[in-house]
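Participant: Please read through the structure below; I'll follow up with questions.
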Amino acid sequence: MINRYTQFPLLGHNTFGMDVQAAQFIEFDCEGDVMEIVREGIDAHHIVIGGGSNLLFLNDYSGTVLHSRIMDITVVEEDNDSLLLRVGSGVTWDDLVAYSVEKGWQGLENLSAIPGEVGASAVQNVGAYGVEAGDLIERVEAVSVIDASKRCFSKQQCRYSYRSSIFKQEEKGKNIITYVTFRLNKTNKFVLTYGNLKDVAMGMGELSAGNIRAAVMQIRASKLPDTKEFGSAGSFFMNPVVSREKADALGQLFPEMPQYETANGVKLSAAWLIDRCGWKERRVGNVGVYKHQPLVLVNYGGATGSEVYDFSTMVCQSVKDKFGVELVREVIVVE
Ligand SMILES: Cc1cc2nc3c(=O)[nH]c(=O)nc-3n(C[C@H](O)[C@H](O)[C@H](O)COP(=O)(O)OP(=O)(O)OC[C@H]3O[C@@H](n4cnc5c(N)ncnc54)[C@H](O)[C@@H]3O)c2cc1C
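Terminal number for the sequence shown in the working numbering: 798, no gaps in between.
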């Protein structure tokens with residue numbers, strides 16, 4: 464079924480708590496609905512929204528906001544070691560993680576408690592504690608907003624990288640994702656390399672997907688704001704990646720600066736850079752840097768999108784001035 468609304472309030476559809484509205488809001492239940500919506504003519508100014516947990520609305524949205532309610536979860540293939548799980552794009556991400564852990568399947572446990580929905584996970588390549596959604600995604604099904612055709616992207620075609628995919632590059636704005644298929648393990652293949660995750664999980668008993676999930680949830684609760692208390696969109700900035708030469712020059716000036724070698728260059732810690740610019744727990748009006756995590760900007764109540772955006776610009780500018788490093792916003796700014 465297709466549901467259409469006008470002047471639709473988006474306050475319950477974005478975790479930053481922006482009290483804005485969409486000129487038109489359309490929800491759909493199945494792939495056929497999406498094809499019908501596109502065939503009838505889709506507004507050129509449109510956005511597909513999931514849980515709105517990585518968006519910052521600057522104003523009321525004058526176009527169409529589309530939202531998936533495709534909720535089915537099906538095992539489509541299975542052998543002794545693994546299975547393929549096809550999941551509707553409207554399923555809440557953490558419900559999927561909880562469901563897979565309950566079933567005794569492995570792979571998603573490190574990604575526990577990330578807000579949002581399954582469709583967006585394939586766009587964003589959500590990641591935490593050493594695992595990214597793209598490691599587990601086998602294929603992504605979508606409907607083209609150009610001609611309503613069905614499209615299927617293999618893992619390789621999705622071109623996953625740090626918080627990015629083809630859906631944020633060449634295919635940006637061209638598809639409405641309907642299903643994401645994940646390959647999950649039936650045998651122990653836990654990823655426990657990140658920070659103190661292994662110790663916390665072992666403190667809970669035997670190493671199991673359930674205990675890893677519980678450990679991740681415990682660690683996250685101590686570091687990230689509860690979006691019911693303060694509006695936020697998680698990490699506002701990405702960790703910048705710089706050339707080896709630039710990293711060496713910075714290392715000379717700031718020997719204590721954390722640096723991580725990656726395939727594309729040297730990754731720096733945005734949190735460290737922001738902290739060193741004196742932003743720790745700073746607040747301007749209704750916006751501030753979260754006390755336990757400098758990467759997270761919070762809306763203390765009543766902030767407008769522009770206030771949050773201007774605050775983020777000040778943070779970027781001070782990091783540029785002090786370190787000569789450009790911070791890139793992870794949060795998608797919607798106008
Ligand atoms: C407290 C907090 C903690 C967070 N922690 C993490 C973390 O640990 N790791 C991490 O990676 N992220 C994290 N995030 C960010 C966020 O949860 C993820 O980016 C998540 O994937 C966004 O999902 P969403 O459904 O809310 O997407 P939205 O914010 O609604 O949309 C994100 C993007 O996906 C697109 N999109 C959504 N659904 C579809 C669809 N069906 N078809 C096509 N495009 C679509 C949107 O157009 C937009 O471009 C955190 C956010 C918060 C608030």
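Backbone N, C-alpha and C fix where the C-beta goes; we use that ideal spot for every residue, glycine too.
Predicted model only: the values in this text are computed from it and were never measured.
1) Suppose the cutoff is 7 Å on Cβ atoms and the five residues either side in sequence are ignored; what does the same chain contact list for Asn727 look like?
2) Is the stretch 620-628 in contact with the stretch 586-593, if contact means three or more CB pairs nearer than 8 Å?
3) With H, G and I counted as helix, E and B as strand and the rest as coil, what does DSSP make of Cys493?
4) At what residues does the alpha helix (DSSP H) containing Gly673 begin and finish?
5) Rounded to a whole number of angstroms, what is the C-alpha to C-alpha distance between Lys613 and His509?
6) Using a Cβ-Cβ cut-off of 7 Å (strictly less than) and excluding sequence neighbours within five positions of Lys661, which residues of its own chain qualify?
7) Span of the alpha helix (DSSP H) holding Ala712?
8) Taking the alpha carbon of Asp784 as the point to measure from, which residue in Cys740, Lys649, Met464 has its own alpha carbon closest?
9) Using only the alpha-carbon positions, how far apart do Leu716 and Leu736 sit?
10) Take Lys649 and list the residues in its own chain whose beta-carbon comes closer than 8 Å to its own, dropping the five residues that flank it on each side.
11) With H, G and I counted as helix, E and B as strand and the rest as coil, what does DSSP make of Lys618?
12) Run through the DSSP bridge pairs and tell me what His509 is partnered with.
13) With the cut-off set at 9 Å, would you say Arg676 and Ala596 are in Cβ contact?
14) What are the boundary residues of the alpha helix (DSSP H) that includes Ala611?
15) Is the CB-CB distance between Gly668 and Ala766 below 9 Å?
16) Does DSSP put Asn543 in a helix, a strand or coil?
17) Under 6 Å Cβ to Cβ from Arg467, same chain only, skipping five residues before and after it: list those, please.
18) Counting only the same chain and skipping the five closest in sequence on each side, list residues whose C-beta sits under 6 Å from that of Val511.
19) Quick one: using the 10 Å Cβ neighbour count with 16 as the cut-off for buried, is Ile682 buried or exposed?
20) In whole angstroms, give me the CA-to-CA distance for Leu713 and Gln780.
21) With distances taken Cα to Cα, identify the nearest neighbour of Asp738 among Val729, Glu719, Cys621, Gly748.
22) Rounded C-beta distance between Ser516 and Pro578? I'm assuming under 8 Å.
23) Quick one: is the Cβ of Ile640 within less than 8 Å of any heavy atom of ligand 2?
24) Could you have a look at Ser781 and say whether DSSP puts it in helix, strand or coil?
25) With a threshold of 16 other CB atoms inside 10 Å of the CB of Gln619, please say whether the residue is buried or exposed.
26) One question on the structure: do Thr641 and Ile505 come within less than 9 Å of each other, judged by their Cβ atoms?
27) For Ala696, which residues of its own chain have a beta-carbon under 7 Å away from its beta-carbon, when the five flanking residues on both sides are left out?
28) What does a CB cutoff of less than 8 Å around Thr644 pick up in its chain, not counting 5 residues either side in sequence?
29) What is the DSSP secondary structure of Gln632, counted as helix, strand or coil?
30) Please identify the residue among Thr776, Phe699, Glu789, Lys709 whose C-alpha is closest to the C-alpha of Val759.
31) Do Leu790 and Val778 count as a contact pair if the criterion is CB distance below 9 Å?
Facilitator: Judging by the given coordinates:
1) Locating residue 727 in the sequence shown gives position 264, where the first residue counts as 1. Here the set comprises Val704.
2) yes
3) Looking up residue 493 in the sequence shown gives position 30. Here Cys493 sits in coil by DSSP.
4) Looking up residue 673 in the sequence shown gives position 210. 672-686 is the span of the alpha helix (DSSP H), which, as asked, contains Gly673.
5) Locating residue 613 in the sequence shown gives position 150, where the first residue counts as 1. Locating residue 509 in the sequence shown gives position 46, where the first residue counts as 1. Taking the straight line joining both Cα atoms gives about 19 Å.
6) Taking the sequence shown and counting its residues from 1, the one referred to as residue 661 is at position 198. Listed in chain order, the non-local C-beta contacts of Lys661 below 7 Å within the same chain comprise Leu655, local neighbours out to five positions each way being set aside.
7) As a first step, residue 712 must be located in the sequence shown, where it is residue number 249. Run containing Ala712: 707-716, per the alpha helix (DSSP H) assignment.
8) Taking the first residue of the sequence shown as 1, we reach residue 784 at position 321. The residue with the shortest Cα to Cα distance from Asp784 is Cys740.
9) The count along the sequence shown starts at 1 and reaches residue 716 at position 253. The count along the sequence shown starts at 1 and reaches residue 736 at position 273. One C-alpha to the other measures close to 13 Å.
10) In the sequence shown, counting from the first residue as 1, residue 649 sits at position 186. Asn543, Asp544, Ser545, Leu546, Gly567, Trp568, Gln569, listed in sequence order.
11) By one-based count along the sequence shown, residue 618 stands at place 155. In this structure, Lys618 counts as helix in the three-state DSSP scheme.
12) For the purposes of this step, residue 509 is identified with residue 46 of the sequence shown, where counting begins at 1. For His509, which the question treats as bridged, DSSP gives the partners Thr527.
13) Reading the sequence shown from its first residue, position 213 is the one you call residue 676. Reading the sequence shown from its first residue, position 133 is the one you call residue 596. It is not a contact, given that the beta carbons lie outside the stated cut-off.
14) The residue given as residue 611 occupies position 148 in the sequence shown. No alpha helix (DSSP H) holds Ala611; DSSP gives it neither H nor E.
15) In the sequence shown, residue 668 corresponds to position 205, counting from 1. In the sequence shown, residue 766 corresponds to position 303, counting from 1. If you check the CB distance, Gly668 and Ala766 do not come in under 9 Å.
16) Here residue 543 is taken as the residue at index 80 of the sequence shown, counted from 1. Three-state result, Asn543: coil.
17) Start at 1 with the first residue of the sequence shown, and residue 467 comes out as number 4. These residues qualify, in order along the chain: Ile489.
18) For the purposes of this step, residue 511 is taken as the residue at position 48 of the sequence shown. Here the set comprises Leu529, Ile639.
19) Start at 1 with the first residue of the sequence shown, and residue 682 comes out as number 219. The residue is buried, with at least 16 neighbouring Cβ atoms inside 10 Å.
20) Translated into the one-based positions of the sequence shown, residue 713 becomes position 250. Translated into the one-based positions of the sequence shown, residue 780 becomes position 317. Near 17 Å, if we compare the C-alpha coordinates of Gln780 and Leu713.
21) Your numbering for residue 738 matches position 275 in the sequence shown. Distance check between Asp738 and each of Val729, Glu719, Cys621, Gly748 places Glu719 closest, using alpha-carbon atoms only.
22) Within the sequence shown, the letter at position 53 stands for residue 516. Within the sequence shown, the letter at position 115 stands for residue 578. Their Cβ separation, rounded to whole angstroms, is 4 Å, which keeps Ser516 and Pro578 in contact under 8 Å.
23) Looking at this structure, you won't find ligand 2 anywhere; what it does contain is ligand 1.
24) Working through the sequence shown from its first residue, we reach residue 781 at position 318. In the structure shown, Ser781 sits in a helix (DSSP, three-state: H, G or I).
25) Sequence index remark: in the sequence shown, residue 619 carries index 156 (1-based). Gln619 comes out exposed.
26) Reading the sequence shown from its first residue, position 178 is the one you call residue 641. Reading the sequence shown from its first residue, position 42 is the one you call residue 505. No. Outside cutoff.
27) Numbered from its first residue, the sequence shown carries residue 696 at position 233. Cβ within range, chain order: Thr478, Phe479, Ser516, Asn517, Leu518, Leu519, Val794.
28) Taking the first residue of the sequence shown as 1, we reach residue 644 at position 181. In the same chain as Thr644, and ignoring 5 residues on each side of it, the C-beta atoms closer than 8 Å to its own belong to Val539, Leu547, Leu548, Arg549, Val550, Ile600, Glu601, Arg602, Val603, Glu604, in chain order.
29) As a first step, residue 632 must be located in the sequence shown, where it is residue number 169. The answer is coil: DSSP assigns Gln632 none of H, G, I, E or B.
30) Looking up residue 759 in the sequence shown gives position 296. Among Thr776, Phe699, Glu789, Lys709, the Cα nearest to that of Val759 is on Phe699.
31) Numbered from 1 along the sequence shown, position 315 holds the residue referred to as residue 778. Numbered from 1 along the sequence shown, position 327 holds the residue referred to as residue 790. Their beta carbons are under 9 Å apart, which means Val778 touches Leu790 by this criterion.
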